[in-house]
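Chains as they are written, first to last, in the numbering used here: chain E, 1 to 362; chain U, 363 to 724; chain L, 725 to 1086; chain B, 1087 to 1448.
Don't be surprised by glycine CBs; every beta carbon is placed ideally from N, CA and C.
These numbers come from a predicted model, not from an experiment.
Number of protein chains: 4
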Amino acid sequence: MIAPAPSGPATLADFEQAATQEHLVPLWTVRRRLAGAEPYLWRWPHVRQRILQAADLVPLGGQGAERRVLLMLNPGLPADRTATTETLLASVQLIHGREMAPSHRHTAAALRFVMEGQGACTVVNGQPVSMDVGDLVLTPGWCWHGHFSEHEEPMIWMDGLDAPLLRSLAAMMGEEFPTPDRKQPLTAARDDSLELYGAGVLQPIDRPAGQLNSPLLSYPWQQTEDRLNRLAERDGSPFDGLALQYTNPTTGGPVLPTIDCWIQMLRRGEHTQAHRHTGGVIYNVARGAGWSVINGQRFDWSAGDVFCVPGRAWHEHANASAFEPAILFSINDSPVLRPLGLYREEPYQDNGGRQAVTSTFV
Amino acid sequence: MIAPAPSGPATLADFEQAATQEHLVPLWTVRRRLAGAEPYLWRWPHVRQRILQAADLVPLGGQGAERRVLLMLNPGLPADRTATTETLLASVQLIHGREMAPSHRHTAAALRFVMEGQGACTVVNGQPVSMDVGDLVLTPGWCWHGHFSEHEEPMIWMDGLDAPLLRSLAAMMGEEFPTPDRKQPLTAARDDSLELYGAGVLQPIDRPAGQLNSPLLSYPWQQTEDRLNRLAERDGSPFDGLALQYTNPTTGGPVLPTIDCWIQMLRRGEHTQAHRHTGGVIYNVARGAGWSVINGQRFDWSAGDVFCVPGRAWHEHANASAFEPAILFSINDSPVLRPLGLYREEPYQDNGGRQAVTSTFV
Amino acid sequence: MIAPAPSGPATLADFEQAATQEHLVPLWTVRRRLAGAEPYLWRWPHVRQRILQAADLVPLGGQGAERRVLLMLNPGLPADRTATTETLLASVQLIHGREMAPSHRHTAAALRFVMEGQGACTVVNGQPVSMDVGDLVLTPGWCWHGHFSEHEEPMIWMDGLDAPLLRSLAAMMGEEFPTPDRKQPLTAARDDSLELYGAGVLQPIDRPAGQLNSPLLSYPWQQTEDRLNRLAERDGSPFDGLALQYTNPTTGGPVLPTIDCWIQMLRRGEHTQAHRHTGGVIYNVARGAGWSVINGQRFDWSAGDVFCVPGRAWHEHANASAFEPAILFSINDSPVLRPLGLYREEPYQDNGGRQAVTSTFV
Amino acid sequence: MIAPAPSGPATLADFEQAATQEHLVPLWTVRRRLAGAEPYLWRWPHVRQRILQAADLVPLGGQGAERRVLLMLNPGLPADRTATTETLLASVQLIHGREMAPSHRHTAAALRFVMEGQGACTVVNGQPVSMDVGDLVLTPGWCWHGHFSEHEEPMIWMDGLDAPLLRSLAAMMGEEFPTPDRKQPLTAARDDSLELYGAGVLQPIDRPAGQLNSPLLSYPWQQTEDRLNRLAERDGSPFDGLALQYTNPTTGGPVLPTIDCWIQMLRRGEHTQAHRHTGGVIYNVARGAGWSVINGQRFDWSAGDVFCVPGRAWHEHANASAFEPAILFSINDSPVLRPLGLYREEPYQDNGGRQAVTSTFV
């Protein structure tokens, strides 16, 4: 039989303090955590200026920085989370002409969406992958990767990583490429994965099947834009306009096990309906200008801006132009949520499916 | 306790006869079945002549034939199996200019590989799918399908079906389209699936995921040939040359749950090594001329010929030309065997990987 | 342009004959195959008498039979199919006291449901597996297996195999155990798989996950009967009474990739409703007496009888007793049909869900 | 061409400060986060005393606490993570005799491992589930659940939740049961899931297949202990002794999509070898006494103690008794890591597989 408690602290407050110090925290004293990712927008002219300043001030490699990167940290999350949404991290990176970023690898998966410049290249496990504006380039988890430039000009891109998720899972590990110059030997032909797997429905019979990570490492802008234009007259999604998923040719699913990548076109004058879902999203405005309404707050954006929609925030998108399409590249963590039964989606029912705007982000 | 047998037939022979008549067949009287699919080849000039004769003699639809089709039945299998390999059936079909083959559906999946002519169209669940020489067109199981011609000329194609497998599974069912004219109303834009899903790695976000049957119904020759040419200098497979799989964009796997479709190029002068595997294969020579050695027998082939390699037969392929590639389209049943743990493969070890030729098919 | 046909046979009949001889069979001459598995019943008193006669007449091993087995061949299928339903084969087997059936293996999967006697044992890949009346014992594909008796008495069981399916897939292969005496050395403890995996929900952490074949080789009658009795008051299925599936503990699914095994209890006086589905079923009456109505024909059965229901045949079951349960063991091929999208099921709508009986099987 | 940067902050330090304030944090200023879960141990006599004190001081329900729970928060993690390992949370809970904890549900999955007392019951979606010492009881995500006592005595158990993971995924949601008394109506028989699914290898044919969450809600101690005793002489794992996984009968895998539950026996005098793996583990000492060495630090434990091993920490276990077994219940997050390709394991190679002890936890 359970005995009565030995005499302890005289008051509840004393008890709570004592127990808490012993790492036995009374549940009823825990405040519901209010902190969480917020909607936020980073404007391109400003981000661009800052990364160009960093380009002047910070050398790369050797005694300099491992990467010349500015992290877009969500103001609603503790700084030590180093995150843009709960699970994803966006940053902007610049590499100078003729510069080289040393090779390393980490369990975190990464991708690049190229924003400006020319002539850079990412080396993934010995394979040089070309980078041009609008291209999506993958460096799946635990692949060796570095960057170099073959041109006079700098290049700027947005990085997307699942590092916050991996830290949440205590699964973040990494190492430097084990040669003094930290330069991978080039062991595959340039853009070999694009050549082999890039044309989609016809695939080599001897490829590995059902790979978690796409063996296709690069999705060039030209084919992306062609597809959008080709399907521009389709109905698309009421919440996302004409939206396409970049797919892993060995599974028909997301390109990375933790990150799903999308490209979506808001057609001339298109204004979508609002919905919400679990899982945060980071957007990069690839073309045009418009606005999104996130939990009643209006975020105006134009090309190069990056903004985030936290999980379960109501959101809708609008193209500001009646003449030109607007195009959004985005990344989300639904591949993690779905197999756990945690992905949920809900349309906004009131007001014809559109939110009332109660404030504007400045 | 088990009692001794009541007195029965005096001799073993009497017993065997009596039991057999009672559908209780003694195992030791059953001869190992020697019958099985044989390697065989149907020559195009002759097949073409026969189907043209049928075109003169047999009307289509109404009181005529449901389909103007000649079945390529394997001489090694009982006629009632109606099969080219144990699980697959190939046939040749002709539709006259301006003719219509009435719509029906069946649980068997079918595909067409177009051989000659122009202007025909397959309607699949209300969607018209264009047909040109070299195109692969799918009609997955239980989809309504019919054919019509919009041109003066006839068209000839090879059909591939899993009907023998479905009969083995007692799962063959079918029905006629339920209108007097048996003509499907056209409810989708022409080649709509090609438009939506044909470009491979970028796919609509609202497509169904992980479909058994490819939602993409058509794989045009032009893109097939482009891929082959583009990858022509690759190593490819030692047994199959440069071989590509037609894939289902929602899974990255076979286009049909029961049939895998391949296109393979034997480069100038290429002669592959021999191997064998479970699962039969039916080949259609799309381009060029050469020969295959199947269980030591040489089969010379040229464009339009159809030949089959039974499961577990040793086989190797050779291009007869030092100047032109040879291209083989083929279908196999490995998607059925693999998930059951029944797919096995073995390289030919002796003689440098090539069989001694002991006879020639004439 | 497709040229007119060269002059050929003058009449359609001549053409059809000529083409057929060339293995180019006109589709319109092919009669819909009427042959197919039929409902049939093998009565235990008679089957038992026959196998006891065989026990007197046929020696086992060496110069005798490999197995003392009588095959229950479906009268509706061609004899060369060697099948009870399109994909499954049932047979009855007897082993004398102190006898040994030599070891072999084959790609076909097999199972035993023990009917009478005691003291026999199946050796599966070196592991002796006990056999008692009502036990289900598995020998998955390509496992070495033989039988021996440790007792004076003979034992009789029903075998179930997927051999007809494997022949349909041209995937039937086999070999003898490679020692002169064809006796496997015993390398595992007796009933080791039962000890390790038999208790279901708690499983060793180092077991292989997601195995096609159950690593558990034996499902003893005692636990089977206990489960049935324990759940006897549950509603169960309207078509099958209280029906349980034997499961593979590594997947929660069927025990073999090609064969699903069931045990079902018809409670006192229970008479189920009729339904039909693709996939044939072979039943073994484990306890009691009753009848099934299959496509309007009544089949009366009692303990030890074996009967089959072909795919797509309407069927319902009734327990003849108001005092005792009737128990049916059965095997079906739904694990093959389901992943191919070929499993379909339909309840009988008319007449309160029960068929009119139009004849009786005698 | 990318223009030179407009003039900005004069020094790197100024730049870093300015950018950081703009939520554009220079990567090179981010210190590698040193914080992470630490090995820690909560001693049962003390935990028990504290929860008994809470029992005196804190009323349950209504104006009192929702649950009388003390959270075991890892001292190495920020308090706002509310976590025992990065993804899992353990706590101790007490319910008084005749008391009721109101019903609620949340997306987080939970389980209880009962430590002391008798007569309590968890209601899961209307089904009362009995609780006795040593039982494992599941409340999968989004199931309504409450607790009540039918006895005079209190009951104490350990809770395990995936709440830290769900907060990391921004997927934590919850709601109260929508009646004034927050008491679920009882709509299923007591321990119904145990009756239906608890016997493992024979499962109802009409159960749902492949469920993420186990439909079996309760794993009674008696069967757990029986299995351990039955398999006690087996080799087991070099790192974990005789270890069994609680399994979901519909998949053969973990009982919850995010939490794997184990029971393991260290046999008389057993001392395992060290290894490490990604994914943290929380242990509850169910029987006996012994110690674990975690990253060189010795943690002595006895029955009722709770301790955690963070991901990637070397660990080995020892039973202190030469006469009695020690039994550990544990939970880990490997079901989340494995499908993402993030589960890794490594044996300790030096020193015969055992760590040198450099300190002792007090």
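How many Å lie between B/A1121 and E/L70 at the Cα?
The straight-line gap from Cα to Cα measures roughly 22 Å.
Quick one: is L/P1072 near chain U, going by C-beta distance under 8 Å?
According to the sequence shown, residue 1072 of chain L is Tyr rather than Pro. Interface residue (Cβ-Cβ distance to chain U less than 8 Å): L/Y1072 is not classified as such.
Chain E beta carbons: is any one of them nearer than 8 Å to that of U/Q489?
Interface annotation, U/Q489: not in contact with chain E, CB-CB separation never under 8 Å.
Specify whether the segment 946 to 963 of chain L and the segment 870 to 890 of chain L touch according to this definition: at least 3 beta carbon pairs, one from each stretch, less than 8 Å apart.
Touching, no, given that fewer than three Cβ pairs across the two stretches are closer than 8 Å.
Starting from the C-beta of U/C505, find all residues in its chain whose C-beta is less than 7 Å away, skip the five residues before and the five after it, and write them out in chain order.
Cβ within range, chain order: R467, V486, N487.
Distance CB(B/W1377)-CB(B/W1387) smaller than 8 Å
Annotated as proximal: B/W1377 and B/W1387, with beta-carbon spacing under 8 Å.
What are the uninterrupted segments assigned as alpha helix (DSSP H) that are 4 or more residues long and contained completely in the segment 610 to 662 of chain U, given in chain order?
If we require 4 residues or more, the segment 610 to 662 of chain U turns out to have no alpha helix (DSSP H) run fully inside it.
Answer with buried or exposed for B/S1093, where buried requires no fewer than 16 other C-beta atoms within 10 angstroms of its C-beta.
With fewer than 16 other Cβ atoms within 10 Å, it is exposed.
Residues of chain E with a CB under 7 Å from the CB of B/N1161: which are they?
A quick correction: the sequence has Pro, not Asn, at residue 1161 of chain B. Per Cβ cutoff of 7 Å: H23.
On a Cα-Cα basis, can you pick out the residue from L/G1065, L/M897, L/L1066, L/R1011 that is closest to L/I1051?
Among L/G1065, L/M897, L/L1066, L/R1011, the Cα nearest to that of L/I1051 belongs to L/R1011.
Could you spell out where the alpha helix (DSSP H) holding B/H1132 opens and where it closes?
Residues 1130 to 1143.
Establish whether the CB of U/M434 and some CB of chain L are separated by less than 8 Å.
Interface residue, yes.
Where do the ends of the beta strand (DSSP E) carrying B/Y1429 lie?
Per DSSP, B/Y1429 belongs to no beta strand (DSSP E) and is neither H nor E.
Near L/Y764, which residues of its chain fall below 7 Å by C-beta distance, leaving aside the five closest residues on each side in sequence?
Excluding its 5 nearest sequence neighbours in each direction, L/Y764 has C-beta neighbours in its own chain below 7 Å: N798, P799, F1031, C1032, listed in chain order.
Interface residues of chain L facing U/R544 [CB-CB closer than 7 Å]:
By Cβ distance, chain L contributes nothing, its closest Cβ being about 16 Å from U/R544, past 7 Å.
Name, going along the chain, the residues of the segment 282 to 315 of chain E whose beta-carbon falls closer than 8 Å to a beta-carbon of chain U.
Flagged: no residues at all.
Less than 8 Å separating the beta-carbons of U/A417 and U/H458?
Taking a C-beta distance under 8 Å as the contact criterion, U/A417 and U/H458 qualify as a contact pair.
Closer than 8 Å, Cβ to Cβ, to anything on chain E: give me those residues from the segment 1162 to 1177 of chain B, in chain order.
When C-beta distances to chain E are compared with 8 Å, the residues of the segment 1162 to 1177 of chain B below that value are P1164, A1165, D1166, T1168, T1171, E1172, T1173, S1177, in chain order.
Boundaries (first-last residue) of the alpha helix (DSSP H) holding L/R951
Start and end: 945 to 954.
Between which residues of its own chain and B/T1310 is the CB-CB distance below 7 Å, once the five residues before and five after are set aside?
If you ignore the 5 residues before and after B/T1310, its C-beta comes within less than 7 Å of the C-beta of G1220, I1349, all in its own chain and listed in chain order.
Outcome for U/D479 when other beta-carbon atoms lying within 10 angstroms are tallied against a minimum of 16:
Correcting the residue type first, residue 479 of chain U is Gly in the shown sequence and not Asp. Taking every protein chain shown into account, the CB of U/G479 has 16 or more other CB atoms within 10 angstroms, so this residue is buried.
Should the segment 255 to 270 of chain E be called in touch with the segment 332 to 339 of chain E, which here means at least 3 C-beta pairs below 8 Å?
These segments touch.
Kindly indicate which three-state DSSP category U/Q379 falls into: helix, strand or coil?
Under the three-state reduction of DSSP output, U/Q379 falls in the helix class.
Is it buried or exposed, E/S218, if we count other Cβ atoms within 10 angstroms and call 16 or more buried?
By the Cβ neighbour-count rule, E/S218 is buried, with 16 or more other Cβ atoms within 10 Å of its own.
For the segment 547 to 581 of chain U, enumerate the residues whose C-beta is nearer than 9 Å to any C-beta of chain E, in chain order.
Cβ contacts with chain E: E557, L558, Y559, G560, A561, G562, V563, L564, Q565, P566, I567, D568, R569, A571, G572, Q573, S576, L578, Y581.
Can you find the residues in the same chain that come closer than 7 Å, C-beta to C-beta, to B/R1167, ignoring five residues on each side of it along the sequence?
Within the same chain, B/R1167 has close Cβ partners P1250.
On the three-state DSSP scale, how would you describe U/L386?
Reduced to three states, the DSSP call for U/L386 is strand.
Closest by CA to B/D1248, which one among B/P1188, B/L1180, B/T1171, B/G1296?
Looking at the Cα atoms, B/T1171 is the closest of the given residues.
Start-to-end residues for the alpha helix (DSSP H) that takes in U/E461:
Neither: U/E461 is in no alpha helix (DSSP H) and is coded neither H nor E.
To the nearest angstrom, how far is the alpha carbon of L/Q946 from that of L/Q969?
Taking the Cα positions, L/Q946 is about 15 Å away from L/Q969.
Run down chain C in chain order and give the residues with a C-beta less than 8 Å from the C-beta of U/T469.
The chain inventory of the structure shown lacks chain C, comprising the protein chains E, U, L and B.
Between L/G786 and chain U, is any beta-carbon pair separated by less than 8 Å?
No, L/G786 lies away from the interface with chain U (no Cβ there is under 8 Å from its Cβ).
So, for L/R1078: in the same chain, excluding its five sequence neighbours on each side, which residues have a beta-carbon less than 8 Å away from its beta-carbon?
Cβ neighbours of L/R1078 beyond the five flanking positions: H995, Q997, A998, V1017, E1040, Y1072.
Within this structure, are the beta carbons of L/N827 and L/F901 separated by less than 8 Å?
Note that residue 827 of chain L corresponds to Ser in the displayed sequence, not to Asn. L/S827 places its beta carbon less than 8 Å from that of L/F901.
Along the chain, where does the alpha helix (DSSP H) that runs through B/P1264 open and close?
For B/P1264, there is no enclosing alpha helix (DSSP H), as DSSP marks it with neither H nor E.
Could you give the first and the last residue of the continuous beta strand (DSSP E) run that contains L/A834?
Segment 834 to 841, the beta strand (DSSP E) holding L/A834.
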